[in-house]
Every structure is written in structure tokens, then in C-alpha cells.
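Numbering (the numbering used here), first residue to last: 1 to 436.
Contents: one structure, followed by commentary.
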Ligand code: NDP
Ligand code: HSE
């Protein structure tokens, strides 16, 4: 059967992996897709790199638009990243009637509404399995495998770089900057690694998960984003003593009146499988009303794991290329005319447990004052730990775990606790999820 022609734009980490896996497994992929999938042209700013990776087996250019405007090309694979040229490439490809496969979560989280609407109008597919959790087929699971369910929540370790940093810091005591440099060397980190460490990359992915899980528009601007740069070793240690691990989680959770969409360091019970996901591995737990909790685990970054997801999309698009657009799987799982207006909730209405670390004078009555303030805000204490002060130190750390409460109540109580004269400095707070 006639091959489907692919134009690959960007042959760096993921593009290179895609080229190599497609070449290595060409025979099996053809048997699955029903026709050969051929990368006929590659565009990359680095022409020498493209020539080296392809060995001259495809047409090479430094002009992405030469591929986008080539009538012989059926599918554009966008693997350059960013919101600038990548957006123009994707929009032009759609306008030219080409299907698009992309790993670019930043682009889709910010411009997804525009892109999916354009694709819908033109009857083409924009596939993005690689955009969330690298090689794990979480988009397919949420959009198709769990389609019978009312999704209640999805929570995951969806940034390999930060999980790698947290794991290496905890296990080997390595400094933050050294581990980040290693993650960059291994090709896990984004072009701008602040996207990883400040939680932005995870928020891009959580935004896409929330849209697919709840049938709401893509709304990155409403996500709460907090990274790992303010985490302190003391909190990792105290959390362990209380039976918890700290992970950077992306959370999309349904409440009665809206959807929680947030990324932040989170205490989770050490006995949960998610707490034991280490290194650059990713894992997502999804709770559906019928299926209960399901767990998806695997490599969330890197050349070939991500290529695995890119090629899965290529096979899907190849199989569906000739199907009536109205009968394809919708981009965001729900039919475009049936999206929900369920709002993304402001952070003040989010409900979580809390880890609080207070530096206090070691004297009578301090704890009573603190617990009274928590009670006044209807915040119930779950566990408490007090560090034995050093000889003559005069101050100590108190660590309190609370049951769930409204974010607004937690913030109000913390403000009052910080105003106590016996409490020194800011209260360190990390949100906590039991993930039952
Ligand atoms: P890389 O930087 O390794 O590769 C991108 C390539 O595209 C580079 O060779 C770059 O050239 C080239 N390029 C950039 N701009 C242009 C342009 N305007 N025209 C032609 N070529 C261009 O990135 P990755 O492979 O790591 O990431 C690609 C995408 O995949 C991103 O959206 C990323 O977020 C996503 N992703 C990455 C994962 C990973 O593990 N790395 C995992 C999941 C998703 P030059 O270097 O000269 O700028
Ligand atoms: N920078 C991302 C990560 C790449 O570390 O998870 C995969 O999306």
C-alpha cells in the first residue's frame, strides 16, 4: 500500500529518537499501521545534525515551512518545542490540510483551544500522546480506555527532571545544581529548565490531563503552579519521619462546583506506589467512578521513550487518515460541542491536607496557642512531631500534619500563627494528599 509521508521538524532528542525507532521497527510498525510510515523530509536548524542522524535517507532543510507547504507530505511531526515558530508551523500545517503529531505540551496548554478548533474545522487530527508523561500512554488511557468513567481525579509525577532531582538529592545527598545539570545532559530537561524546576512543565501537562479528564477547555492560565526550588532538606527529612515522601505532583480533581488544577510539592504516604516512583520515571494515578484507581508508570522523558509515544500517534493517524473526521476520537476526549463549563476553581477553594513546620520558642503554652488557632479555623490535627531542642538552643521545630481543609482556612490560620511572638519566622507549609 502507498506509504504515508511524514515531514519531521526538529531532529534533536525526541526527533532523533523518533527517526531511530521508526527505522529500527519499520517492519512491525508497517504491519500495525497497514502501510509504511516514511519520514521523507527533515527540517532542523542544525542541518549537519539532521544529515548525521538520517545518513542522507531523507531530504534535509533548515526551513520548517518547506515541509509544511509540501503537498507530498501527509503528516507533520513538530518536535522543535516552544510557542513561537512551533505555533506557526502547526497552524500552517492544519491550514494546509495536514495531520499533526506533536510532543509540545507548552504549545497545546497555552494555544490548545485555537489549535484544536482549527484542526476540527479542517477535518485533521492533532495528536499529542508524547506531550504528557513521555512514553506512558496516559492520553490514550484517559481519552479512550477510561471512557466509561466519570473521572474523579488524576494525580501524577509528570515531570521527570524534578523527580530525578528530588530522588538524587534524597538518596545521594547531591546538590540541586549538579543534579539539574545531569538531567540536562541526559536530555530530560526543557530548553528552559526553569519550566521544569518551577513546575511550569508539569502544569502544562496537568492542564492537558484536566481537559481530557473532565471535558473542559484547555486553561493553563488558571492553573496554580509551584515548583521545587523552595523545598528544604529539613522538610524532606521530617516528612520521612512521619511516613511521607515529598513529590512534585500535577493534580486535576473534580469538586462539586469546579475543578482543581494545581502543581506543587506534595506530601504523599510513603506506602503509596506513587511515593516510590524514583529518578526520571513518571507515574499517573487516575480515579474513575467505575474502575476505581488505576496507575500508569514508565519513562516520562528521553529520546526513545518519548519517540514511542510519537510513533504511536503516527500509527493512529495513519489508521484514521481516511476515516470520516466526525467519527474519529475527539482531540479532548469529549465531542467539541459538548465541552463542560465547569470552572477551574480559584486556589482559595482547593481542599488539601497540610504539613506545617514552625520554628518556636521552647516554652510552655506555645503549642496550646497554635492548636487553638487551628481549631478556631476548623482545622483538625492529624499528627505532630516536636524535635528535641539542642542543649541551650531555646528554640525548636514543631511539625504538624492537618486533615484536609480549605486553602483559605489554612492561609488565614498560618497568618495568625506567624503573628504569635513565640513563633520565629515564616511557617513552612507543604500540601498533603492521601491519594486514597
Ligand atoms: P531538542 O532541543 O533536543 O530538539 C529540538 C530540535 O529542533 C533542535 O535540533 C533544534 O535546533 C531544532 N529547532 C529549533 N527551532 C527550530 C526551527 N525554527 N526550525 C527548525 N529546527 C528547529 O528538544 P527535544 O527533542 O528535547 O524536545 C522537543 C519537543 O518535545 C519539545 O516540545 C519538548 O517539550 C518535547 N518533549 C521532550 C521530551 C524530552 O525528553 N526531551 C519528552 C517529552 C516531550 P537547535 O538545537 O539548533 O536550536
Ligand atoms: N522536561 C520534561 C520532563 C520532558 O523532565 O519531564 C518530558 O516532558
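Glycine included, every Cβ here is placed at the ideal spot set by N, Cα and C.
- Here the alpha carbon of residue 44 sits roughly 12 angstroms from the alpha carbon of residue 81.
- Sorted by chain position, residues whose beta-carbon lies closer than 6 angstroms to a non-hydrogen atom of the ligand HSE are 134, 159, 160, 161, 188, 189, 190, 196, 201, 300 and 301.
- Under the three-state reduction of DSSP, residue 280 is assigned to coil, being neither helix nor strand.
- Excluding residues up to 5 positions away in sequence, 226 and 431 lie with their Cβ nearer than 6 angstroms to the Cβ of residue 264 in the same chain.
- Distances taken from the Cβ of residue 79 to the heavy atoms of the ligand NDP include one shorter than 6 angstroms.
- Contact check for residue 301 and residue 160: beta-carbon distance about 4 angstroms, within the 8 angstroms limit, so the pair qualifies.
- Distance check between residue 271 and each of 229, 102 and 245 places 245 closest, using alpha-carbon atoms only.
- Counting of Cβ neighbours within 10 angstroms places residue 105 among the buried residues, the total reaching 16 or more.
- The closest CA to that of residue 253, considering only 242, 72 and 345, is found on 345.
- When distances are taken from the beta-carbon of residue 130 to the heavy atoms of the ligand NDP, the shortest one is below 6 angstroms.
- Straight through space, the alpha carbons of residue 128 and residue 380 are spaced by roughly 42 angstroms.
- If you draw a 10 Å sphere on the C-beta of residue 137, you find 16 or more other C-beta atoms in it, and that means buried.
- Between residue 357 and residue 397, the CB-CB gap stays under 7 angstroms.
- Secondary structure remark: continuous beta strand (DSSP E) runs of at least 3 residues inside the stretch 206-275, in chain order: 244-255 and 258-269.
- Three or more Cβ pairs drawn from the stretch 2-13 and the stretch 44-53 lie within less than 8 angstroms of each other, which places the two stretches in contact.
- In terms of side-chain proximity, the C-beta atom of residue 250 is found no nearer than 6 angstroms to any non-hydrogen atom of the ligand NDP.
- Spanning the alpha carbons of residue 372 and residue 390 requires a straight line of approximately 27 angstroms.
- Non-local beta-carbon contacts of residue 41 in its own chain, meaning distances under 6 angstroms to residues more than five positions away in sequence, involve 7, 58, 59 and 67 in chain order.
- If the five residues before and after residue 140 are omitted, its C-beta is found closer than 8 angstroms to the C-beta atoms of 129 and 312, all from its own chain and listed in chain order.
- Pairing residue 188 with residue 86 gives a Cβ-Cβ distance that is not under 7 angstroms.
- DSSP places residue 430 in the strand class (E or B) of the three-state scheme.
- Put simply, the stretch 146-160 does not touch the stretch 350-365. Fewer than three CB pairs are less than 8 angstroms apart.
- 7 angstroms or more divides the Cβ of residue 294 from the Cβ of residue 33.
- Judged by DSSP in its simplified three-state form, residue 403 adopts strand.
- In this structure, the CA atom of residue 94 is about 60 angstroms from the CA atom of residue 386.
- For residue 55, the shortest C-beta to heavy atom distance toward the ligand NDP is 6 angstroms or greater.
- The distance from the Cβ of residue 205 to that of residue 131 is about 7 angstroms, consistent with a contact at the 8 angstroms cut-off.
- In this chain, the beta strand (DSSP E) harbouring residue 294 covers 292-299.
- When C-alpha distances from residue 370 are compared across 71, 423, 407 and 324, the shortest belongs to 423.
- Cβ contact annotation for residue 315 (same chain, cutoff 6 angstroms, sequence separation greater than five): 32 and 33, in chain order.
- About 3 angstroms separates the beta carbon of residue 135 from that of residue 305, a gap short enough to meet the 8 angstroms contact definition.
- In the three-state scheme derived from DSSP, where H, G and I count as helix and E and B as strand, residue 147 is classed as coil.
- With a cut-off of 8 angstroms on Cβ pairs, the stretch 116-123 is not in contact with the stretch 182-201, counting fewer than three such pairs.
- Separation of residue 92 and residue 332 (C-alpha to C-alpha, rounded to the nearest whole angstrom) is 21 angstroms.
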